[in-house]
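*Asks:*
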């Protein structure tokens, strides 16, 4: 871009202000590209360092037809796809991108940011799941178990 500004300047077609604006834009674009590359590299590094949640892959059953299925996301390590019916309300089903964290799997649904954590049935706060040992809990009142 700087070469283009210099070439046009040699022809005498641009004012100094225009040349300066082109140079400023070129520098700003280069900085934005560098920031984006850095941000993407940091995301990939964090995902690679995150603990694996592969043991959680598969189907988890909640109460009253609620269900959670966790699959590996092919985009990289520490990334998961959550297929979730999380409420009996219409439209409370979807597929959500998840990322492994030290706490569990972080993801965002229409009802906000969530973290899926390994617990027992008692931690779900749901009477039907009480006594189960292999569960994942989103929060009190929402959990899914395998046993």
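Numbering (the working numbering), first residue to last: 91 to 237.
By construction, the Cβ of each residue, glycine as well, lies at the ideal position given by its N, Cα and C atoms.
#1: Can you tell me whether residue 231 is buried or exposed, with buried defined as 16 or more other CB within 10 angstroms of its CB?
#2: On the criterion of 16 or more Cβ atoms from any shown chain inside 10 Å, does residue 233 qualify as buried, or is it exposed?
#3: Looking at C-alpha atoms only, which residue of 158, 106, 114, 185 is the closest neighbour of residue 207?
#4: List the whole-angstrom C-beta distance separating residue 220 from residue 211, where the pair is believed to meet the contact cut-off of C-beta under 8 Å.
#5: Between residue 196 and residue 205, which are expected to be in contact by the criterion C-beta below 8 Å, what is the C-beta distance as a whole number of angstroms?
#6: Mind checking which residues open and close the beta strand (DSSP E) that includes residue 208?
#7: Can you tell me the Cα-Cα spacing of residue 103 and residue 191, whole angstroms?
#8: Taking the beta strand (DSSP E) that residue 48 falls in, what are its first and last residues?
*Replies:* So, from the listed chains and residues:
#1: exposed
#2: buried
#3: That would be 158, whose Cα lies nearest to the Cα of residue 207.
#4: Confirmed, about 5 Å.
#5: Sure, about 5 Å apart at Cβ, within 8 Å.
#6: 202-209
#7: 56 Å
#8: No answer is possible for residue 48: the residues shown for the chain start at 91 and end at 237.
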